[in-house]
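**Student:** Chains as they are written, first to last, in full-length UniProt numbering: chain A, 1 to 332; chain B, 1 to 332; chain C, 1 to 332; chain D, 1 to 332.
There are 4 protein chains.
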Amino acid sequence: MLNFALFGAGRIGKMHAQNLQAFAHSNLKYVYDVYAPAAQEVAKATGAKVAASVEDALSDPEVDAVLIATSTDTHVDLIIKAAKAGKAILCEKPIDLDTVTVNACMEEIKDCNVPIQIGFNRRFDPSHGAAAKAAHDGSVGKLEQVIISSRDPGMAPVEYLKSSGGIFRDMIIHDFDMARFILGEEVVEIQAFGSALVDEKITEIGDVDSVMINMKSQSGRLIHINGSRRATYGYDQRVEVFGSEGMVLSDNQTPTSVVRYNTDTTGVKDPLFNFFIDRYGAAYNLQLTAFIENVLAKRPVSPSFEDGRRAQILADAAQKSFDTGEKVSLSW
Amino acid sequence: MLNFALFGAGRIGKMHAQNLQAFAHSNLKYVYDVYAPAAQEVAKATGAKVAASVEDALSDPEVDAVLIATSTDTHVDLIIKAAKAGKAILCEKPIDLDTVTVNACMEEIKDCNVPIQIGFNRRFDPSHGAAAKAAHDGSVGKLEQVIISSRDPGMAPVEYLKSSGGIFRDMIIHDFDMARFILGEEVVEIQAFGSALVDEKITEIGDVDSVMINMKSQSGRLIHINGSRRATYGYDQRVEVFGSEGMVLSDNQTPTSVVRYNTDTTGVKDPLFNFFIDRYGAAYNLQLTAFIENVLAKRPVSPSFEDGRRAQILADAAQKSFDTGEKVSLSW
Amino acid sequence: MLNFALFGAGRIGKMHAQNLQAFAHSNLKYVYDVYAPAAQEVAKATGAKVAASVEDALSDPEVDAVLIATSTDTHVDLIIKAAKAGKAILCEKPIDLDTVTVNACMEEIKDCNVPIQIGFNRRFDPSHGAAAKAAHDGSVGKLEQVIISSRDPGMAPVEYLKSSGGIFRDMIIHDFDMARFILGEEVVEIQAFGSALVDEKITEIGDVDSVMINMKSQSGRLIHINGSRRATYGYDQRVEVFGSEGMVLSDNQTPTSVVRYNTDTTGVKDPLFNFFIDRYGAAYNLQLTAFIENVLAKRPVSPSFEDGRRAQILADAAQKSFDTGEKVSLSW
Amino acid sequence: MLNFALFGAGRIGKMHAQNLQAFAHSNLKYVYDVYAPAAQEVAKATGAKVAASVEDALSDPEVDAVLIATSTDTHVDLIIKAAKAGKAILCEKPIDLDTVTVNACMEEIKDCNVPIQIGFNRRFDPSHGAAAKAAHDGSVGKLEQVIISSRDPGMAPVEYLKSSGGIFRDMIIHDFDMARFILGEEVVEIQAFGSALVDEKITEIGDVDSVMINMKSQSGRLIHINGSRRATYGYDQRVEVFGSEGMVLSDNQTPTSVVRYNTDTTGVKDPLFNFFIDRYGAAYNLQLTAFIENVLAKRPVSPSFEDGRRAQILADAAQKSFDTGEKVSLSW
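(1) Whose CA, out of A:205, A:243, A:92, lies closest to the CA of residue 174 of chain A?
(2) What is the DSSP secondary structure of residue 252 of chain A, reduced to helix, strand or coil?
(3) Any chance the segment 232-248 of chain C sits against the segment 259-271 of chain D, with 3 or more Cβ pairs inside 8 angstroms?
(4) Compare the beta carbon distance of residue 239 of chain C and residue 228 of chain C with 8 angstroms and say whether it is the shorter of the two.
(5) Could you list which residues in chain D have their beta carbon closer than 8 angstroms to that of residue 263 of chain B, in chain order?
(6) Provide the residue span of the alpha helix (DSSP H) that contains residue 105 of chain C, from first to last.
(7) Report yes or no: do three or more beta-carbon pairs, one from the segment 191-199 of chain A and one from the segment 212-226 of chain D, lie closer than 8 angstroms?
(8) Just to confirm the assignment, what range does the alpha helix (DSSP H) spanning residue 121 of chain D have?
(9) Measuring CA to CA, which of B:68, B:83, B:51, B:75 is closest to residue 97 of chain B?
(10) Closer than 8 angstroms, CB to CB, is residue 268 of chain D near chain B or not?
(11) Is residue 327 of chain B buried or exposed, if buried means 16 or more other CB atoms sit within 10 Å of its CB?
(12) Which ranges would you report for the beta strand (DSSP E) in the UniProt domain "GFO/IDH/MocA-like oxidoreductase" (131-248) of chain D if only whole runs of at least 3 residues count?
(13) Just checking: is the beta-carbon of residue 256 of chain A within a distance shorter than 8 angstroms of some beta-carbon in chain C?
(14) Got a sec? Which residues, its chain only, sit under 7 angstroms from residue 176 of chain B by beta carbon, not counting five neighbours each side?
(15) State buried or exposed for residue 203 of chain D, treating a residue as buried only when at least 16 other CB atoms are found within 10 Å of its CB.
(16) Taking the CB atoms as reference points, tell me whether residue 301 of chain D and residue 135 of chain D lie closer together than 8 angstroms.
(17) Find out if the Cβ-Cβ distance for the pair residue 350 of chain D, residue 67 of chain D is shorter than 8 angstroms.
(18) Measure from the alpha carbon of residue 21 of chain C to the alpha carbon of each residue in C:43, C:37, C:187, C:33, then state which is nearest.
(19) Just the chain A side, please: which residues come within less than 9 angstroms of residue 7 of chain D by C-beta, in chain order?
(20) When the distance is taken between beta carbons, is residue 318 of chain C closer than 8 angstroms to residue 190 of chain C?
(21) Taking a cut of 9 angstroms between CB atoms, which residues from the segment 63-92 of chain D lie near chain C?
(22) Can you list, in chain order, the residues of its chain whose CB lies under 8 angstroms from that of residue 172 of chain C, leaving out five sequence neighbours each side?
(23) Measuring only between beta-carbons, confirm whether residue 252 of chain D sits less than 8 angstroms from chain A.
(24) Using alpha carbons as the reference points, say which of B:182, B:111, B:71 lies closest to residue 94 of chain B.
(25) Which two residues bound the contiguous beta strand (DSSP E) that contains residue 6 of chain B?
(26) Compare the C-alpha of residue 169 of chain C against each of C:153, C:272, C:143, C:102 and name the closest.
(27) Restricting to Cα atoms, I'd like to know which of A:291, A:331, A:297, A:269 is closest to residue 123 of chain A.
(28) Grab me the residues of residue 332 of chain B's own chain with a C-beta within less than 6 angstroms of its C-beta, minus the 5 sequence neighbours each way, in chain order.
(29) With distance defined between alpha-carbon atoms, name the residue in D:126, D:106, D:182 nearest to residue 138 of chain D.
(30) Taking just the CA atoms, how far does residue 83 of chain D sit from residue 55 of chain D?
(31) Could you check which residue in A:25, A:117, A:9 has the C-alpha nearest to that of residue 303 of chain A?
(32) Check whether chain C comes within 8 angstroms of residue 151 of chain D, counting only Cβ atoms and requiring the distance to be less than that.
(33) Can you find a C-beta in chain C that's less than 8 angstroms from the C-beta of residue 247 of chain D?
(34) Report the rounded CA-to-CA distance for residue 111 of chain B versus residue 3 of chain B, giving the unit in angstroms.
(35) Looking at the structure shown, is residue 67 of chain B part of a helix, part of a strand, or coil, going by DSSP?
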């Protein structure tokens with residue numbers, strides 16, 4: 001049994017709380033949120049205690065693990081505190097918007113020796129996972145190309161996106177991690193185009209809403225990511241893996257298997273899942289299961305802090321390529 | 001909050017117990033099984049008490065509802081006891097293998113005035129439900145034809161099927177209910193063919209493993225059901241609704257959205273769900289939710305005891321058509 | 001090189017004329033139609049001569065083969081004349097609406113010893129053909145069930161259908177042939193339901209527009225055919241072959257591979273082919289090629305006159321089952 | 001009626017010859033090939049005359065149009081001769097491997113005033129065409145992203161590719177034209193990655209076999225092309241058009257509509273078309289029809305010589321980006 005303290009009781013925190021309660025081998029002991037009513041709501045629904053403070057929860061020796069689902073700017077502070085308290089950590093992505101801070105964090109906790117897993121939940125999606133497996137186990141032959149389509153159902157208000165760190169660090173970071181996960185090696189060249197096509201106001205905050213990124217890996221493989229802040233037909237999440245013996249596509253998903261035939265159209269399906277928690281519900285579940293099982297079994301957790309840091313480096317490089325208009329090279 | 005007693009702690013009972021615990025508005029207070037260790041296991045996992053007997057659980061005035069998931073031959077007895085104790089009832093299908101017994105049960109409880117829902121879970125499947133809705137709301141125009149394909153992943157041992165009541169009453173009864181659900185009217189003519197194609201030994205118990213049934217409804221609509229005890233590619237469950245303005249197909253489902261392209265084949269998907277609880281997981285959940293919500297709100301529950309009885313009458317008629325080689329007419 | 005005389009220059013005749021001209025090993029020498037302008041049009045487009053009469057064309061020793069695409073009531077007369085003239089014959093289905101006449105024809109030409117192929121073009125459709133092959137070569141294991149969906153895009157005026165012979169003999173005969181083709185054995189029991197759901201006026205001519213037929217074969221296999229005179233989404237033509245090791249579906253076809261994703265719908269495809277010559281264009285072509293190649297190589301042609309006769313017997317039996325409300329048994 | 005001289009009687013020339021003969025409004029009068037037996041074969045099959053020389057055919061005033069399907073290095077010479085002879089021209093892509101030569105050709109024929117259409121047949125593919133139409137008519141809303149996947153079934157021997165001009169000019173030029181066709185505006189920035197992943201020997205001739213290209217258009221739209229010289233599952237040809245109100249995908253095509261369900265896999269389709277003439281058969285046909293109809297009606301032909309030149313400029317720019325590792329800007 002793994003006793004958890006949950007930091008952050010917002011939308012994602014609530015989902016994690018439910019999952020923690022449903023599993024046989026985890027127990028949600030504390031929940032903390034700077035906005036107390038949110039913490040109280042989760043506590044009531046799950047039987048957890050509201051912690052008076054982060055320190056309060058961390059000082060309980062019965063707490064084995066923390067789940068960090070707070071706002072990004074608090075992640076590093078909470079990771080350091082939890083690591084120094086000897087707790088296993090599952091932290092939502094990204095570690096921080098600034099890689100300098102990430103590196104400092106890494107330095108600060110290097111002797112703590114606690115398991116840290118970063119919340120790249122998509123690695124646990126059964127469909128994306130099967131595509132990655134096909135790349136790893138040779139069922140597409142020698143891997144040659146990876147194409148990732150990543151389009152959100154709708155764009156958040158520009159005001160909100162101001163503090164997001166930009167589309168590369170906020171949204172596409174998931175896809176950089178997916179690329180690394182599938183490749184099993186590092187990217188060495190990256191080039192990014194971006195445009196304000198969804199909402200021109202995005203340019204006022206120095207950001208874009210539509211991107212296309214090409215990358216080359218250490219062994220010469222080619223990777224493409226396309227992203228948009230808005231797809232009217234739902235949450236468009238595709239991963240294509242192409243190799244010397246075939247292709248595997250992790251395709252989009254609809255809530256039902258209904259197909260309609262009308263006078264003007266055939267094969268009509270429902271809209272795609274429209275909400276990341278619906279689309280990636282199984283992935284969030286499996287992510288948490290893997291963390292719990294690995295921590296209990298004292299096996300390494302994955303994706304690691306270093307995976308989080310490296311995805312960030314790719315996001316930084318993409319941002320730099322977009323800013324300068326030049327291809328960016330990376331060495332590892 | 002609805003307090004439940006669960007009768008039957010086998011495979012389906014366990015699933016119901018989990019769902020009852022996960023819902024906010026239900027509580028599993030008692031569990032009973034003739035095989036005590038099964039009840040104890042469910043009790044331990046859910047915090048419910050093991051009831052010493054059925055009567056023990058029914059005598060607790062705090063118990064609002066019972067969920068009957070025992071073997072078929074005990075259903076009627078439990079329904080009568082629970083109804084007389086004034087409990088709301090959700091009973092797995094079929095009510096009984098013998099319609100005479102079903103009718104006697106109906107007579108016996110006619111003054112009890114408790115809500116009774118029969119476990120035709122497929123009505124709650126989001127995809128089949130959307131097909132039914134298309135038949136009801138006119139989105140396929142005027143309904144003309146219904147085609148139901150119903151194939152189990154694998155055949156139980158003939159020994160086990162001995163007490164099943166035969167393929168029409170045991171397996172196809174779900175499809176008879178689905179036909180009635182979609183039609184919104186009654187079937188008046190039925191003709192059934194059957195063969196032993198999967199395992200010849202099935203004939204030794206006077207049964208078949210493969211069937212095709214044609215039916216005509218009161219208004220002349222045509223309905224076809226095909227069934228098999230074994231489909232190697234998984235649990236084949238399709239419903240087709242055809243009308244004057246189009247067709248809606250509730251198609252099969254695979255666990256992932258992975259599509260593979262190889263040297264010899266393209267568009268390759270995973271096998272279908274192979275287990276009814278996986279395929280109809282959402283349906284079981286929604287069935288229970290509907291029961292709980294309707295009972296709490298004092299609304300009628302559906303599908304009703306009468307729905308269970310009528311599906312049985314269709315199964316009887318199909319059996320008779322198969323036995324006699326004649327078309328069977330029904331009046332309602 | 002095979003020299004043809006074409007009898008009948010209507011819609012189907014024109015298509016055959018084009019195919020005859022496009023093939024390297026066939027030559028259209030004569031065309032004849034009771035409506036001379038139609039024959040002249042084909043002659044002009046292809047370089048063929050307009051025959052003054054059927055006899056005129058048949059008396060030319062250079063004519064090797066005749067293609068009969070006239071109205072059904074003339075088929076038997078033309079078959080007899082052509083057979084007696086020693087010509088190879090490709091005749092559109094059905095041979096005649098009356099099996100008595102078919103049998104008389106058979107008797108009349110029994111010593112002529114000319115190749116006669118009946119125009120069950122769907123046997124040559126690459127997709128249906130692949131489904132049939134899967135039934136024959138064991139790739140679905142031992143064949144158990146066959147399901148044929150056969151829906152025309154639109155219903156001809158009731159006035160026109162008066163002389164059609166009824167839906168079983170006019171339209172479903174194709175599906176009876178398909179069933180025989182896939183089964184590789186004969187049907188021994190047949191039961192048919194029918195309704196007037198598309199246009200009630202069809203009952204005034206003693207016919208129906210919607211049918212469901214169940215059949216059992218000599219070895220106990222089960223076959224279902226559903227048919228409708230009208231499907232708003234196009235020409236619905238599906239064949240499903242189910243066996244002990246899997247299923248093969250010859251699915252519907254659209255003119256393009258375009259897939260649309262909109263705000264309310266995803267996976268949207270074009271309507272199905274709406275015209276039999278578009279849907280079965282390849283089949284008509286391959287049917288003619290097979291005839292030409294087999295006649296030139298002095299190999300048997302297929303489907304044969306006897307295939308045409310047997311499909312008719314099934315159509316008669318279905319009609320009788322519908323008329324009497326009884327199952328009909330057949331012996332061969 | 002348009003009288004043609006065909007230059008080049010290889011694989012593509014033969015296909016064009018067949019199409020020219022099948023159309024009602026075109027006539028193949030001459031065929032010429034440096035390899036006389038090839039010309040004789042086409043002449044025999046179609047009834048055309050073998051021209052003694054290019055000049056021979058061009059000097060016949062009855063020849064209205066020429067179809068140039070010779071090797072690329074002869075295109076410009078033939079275009080100039082035919083243009084000066086006043087013939088309408090349909091020339092296979094590319095105009096020439098060297099844009100300097102293309103520009104010189106343009107200068108040389110600028111006063112000839114003959115219709116010149118370049119053989120970008122894919123514009124006429126009904127599925128790609130529908131995707132382009134969706135971009136043009138607003139059915140995907142405001143166009144934002146275009147993604148083109150372009151993978152050949154198999155790679156030609158490196159020896160043969162030596163004179164191909166490189167993957168960008170030889171193969172991807174089709175996709176550059178498709179991008180321009182869909183965009184309806186010009187590309188202003190282009191960046192290309194390339195790798196030798198299929199066959200390392202390709203590097204010996206200074207070429208690659210796998211590419212990823214990102215582009216930005218005048219109005220900021222983003223375009224991606226991925227290409228490979230080899231896809232084991234067939235000829236992979238997809239076009240995705242994404243806009244403010246949806247997405248349209250021109251998906252891959254298989255020869256049949258057969259779908260297989262086996263023990264381990266479901267939804268299995270045939271391999272994709274494996275040969276460009278099979279995949280683009282309809283497109284080649286419609287391309288020729290459009291040329292004939294437009295020339296006869298004295299309407300402009302499209303895609304034009306200038307379209308051919310501009311696709312070439314994009315190919316040059318991609319090559320330069322690959323060679324230098326820098327993004328290339330273009331002004332028009």
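Glycine included, every Cβ here is placed at the ideal spot set by N, Cα and C. The structure displayed is predicted, hence computed values, not measured ones.
**Tutor:** Well, looking at it:
(1) Taking the first sequence and counting its residues from 1, one reaches residue 174 of chain A at position 174. Residue 174 of chain A has its Cα closest to that of A:92, out of A:205, A:243, A:92.
(2) In the first sequence, the residue the question calls residue 252 of chain A occupies position 252. Coil at residue 252 of chain A, not helix or strand.
(3) yes
(4) Your numbering for residue 239 of chain C matches position 239 in the third sequence. Your numbering for residue 228 of chain C matches position 228 in the third sequence. Cβ atoms of residue 239 of chain C and residue 228 of chain C: not closer than 8 angstroms.
(5) The residue you call residue 263 of chain B lines up with position 263 of the second sequence. Ordered by position in chain D, the residues that pass the 8 angstroms Cβ test against residue 263 of chain B are 232, 233, 271.
(6) Looking up residue 105 of chain C in the third sequence gives position 105. It spans 99-108 - the alpha helix (DSSP H) in which residue 105 of chain C sits, taken as one unbroken run.
(7) yes
(8) As a working mapping, residue 121 of chain D is identified with position 121 in the fourth sequence. Residue 121 of chain D -> no alpha helix (DSSP H), and no H or E assigned at all.
(9) As a first step, residue 97 of chain B must be located in the second sequence, where it is residue number 97. Nearest C-alpha to residue 97 of chain B: B:75.
(10) For the purposes of this step, residue 268 of chain D is identified with residue 268 of the fourth sequence, where counting begins at 1. Cβ-Cβ to chain B under 8 angstroms: yes for residue 268 of chain D.
(11) On the second sequence, residue 327 of chain B is found 327 positions in, with the first residue counted as 1. Flag for residue 327 of chain B reads buried.
(12) 143-151, 187-195, 210-217, 222-228, 236-243
(13) Counted from its first residue, the first sequence places residue 256 of chain A at position 256. Taking Cβ atoms only, chain C never reaches closer than 8 angstroms to residue 256 of chain A, which makes this a no.
(14) Position 176 of the second sequence, counting from 1, holds the residue named residue 176 of chain B. Closer than 7 angstroms at the Cβ level, and outside the excluded window around residue 176 of chain B, lie 311, 314, 315.
(15) Counting from one through the fourth sequence, the residue named residue 203 of chain D turns up at place 203. Answer is exposed; the Cβ neighbour count stays below 16.
(16) Here the question's residue 301 of chain D lines up with position 301 in the fourth sequence. Here the question's residue 135 of chain D lines up with position 135 in the fourth sequence. Their beta carbons are not under 8 angstroms apart, which means residue 301 of chain D does not touch residue 135 of chain D by this criterion.
(17) Because chain D is modelled from 1 through 332, residue 350 of chain D falls outside the range shown and cannot be assessed.
(18) For this step, residue 21 of chain C is matched to residue 21 along the third sequence. Comparing Cα-Cα distances from residue 21 of chain C to each of C:43, C:37, C:187, C:33, the minimum goes to C:43.
(19) By 1-based counting over the fourth sequence, the position of residue 7 of chain D is 7. None at all; the shortest Cβ gap to chain A is about 38 angstroms.
(20) For the purposes of this step, residue 190 of chain C is taken as residue 190 along the third sequence, with counting starting at 1. For the purposes of this step, residue 318 of chain C is taken as residue 318 along the third sequence, with counting starting at 1. It is a contact, given that the beta carbons lie within the stated cut-off.
(21) none
(22) Locating residue 172 of chain C in the third sequence gives position 172, counting from the first residue. Same-chain partners within the cutoff: 150, 211, 213, 225, 227, 315, 318.
(23) Start at 1 with the first residue of the fourth sequence, and residue 252 of chain D comes out as number 252. Judged by the 8 angstroms Cβ criterion, residue 252 of chain D is not in contact with chain A.
(24) As a first step, residue 94 of chain B must be located in the second sequence, where it is residue number 94. Nearest of B:182, B:111, B:71 to residue 94 of chain B, Cα basis: B:71.
(25) Here residue 6 of chain B is taken as the residue at index 6 of the second sequence, counted from 1. Residue 6 of chain B -> beta strand (DSSP E) spans 2-7.
(26) As a first step, residue 169 of chain C is located in the third sequence; it is residue number 169 there, counting from the start. The shortest Cα separation from residue 169 of chain C among C:153, C:272, C:143, C:102 belongs to C:102.
(27) Along the first sequence, read from residue 1 onward, the residue named residue 123 of chain A stands at position 123. Residue A:291 is the option with its Cα nearest to residue 123 of chain A.
(28) Taking the first residue of the second sequence as position 1, residue 332 of chain B is located at position 332. The answer, listed in chain order, is 186.
(29) Along the fourth sequence, one-based indexing puts residue 138 of chain D at 138. The shortest Cα separation from residue 138 of chain D among D:126, D:106, D:182 belongs to D:182.
(30) Residue numbering aside, residue 55 of chain D sits at position 55 when the fourth sequence is read from its first letter. Residue numbering aside, residue 83 of chain D sits at position 83 when the fourth sequence is read from its first letter. Using only the alpha carbons, I get a separation of about 12 angstroms.
(31) On the first sequence, position 303 is the one that residue 303 of chain A refers to. Among A:25, A:117, A:9, the Cα nearest to that of residue 303 of chain A is on A:117.
(32) As a working mapping, residue 151 of chain D is identified with position 151 in the fourth sequence. So no, residue 151 of chain D is outside the interface.
(33) Locating residue 247 of chain D in the fourth sequence gives position 247, where the first residue counts as 1. Residue 247 of chain D counts as touching chain C.
(34) Within the second sequence, residue 111 of chain B is the residue found at index 111, counting from 1. Within the second sequence, residue 3 of chain B is the residue found at index 3, counting from 1. One C-alpha to the other measures close to 23 angstroms.
(35) By 1-based counting over the second sequence, the position of residue 67 of chain B is 67. Residue state, collapsed to three classes: strand.
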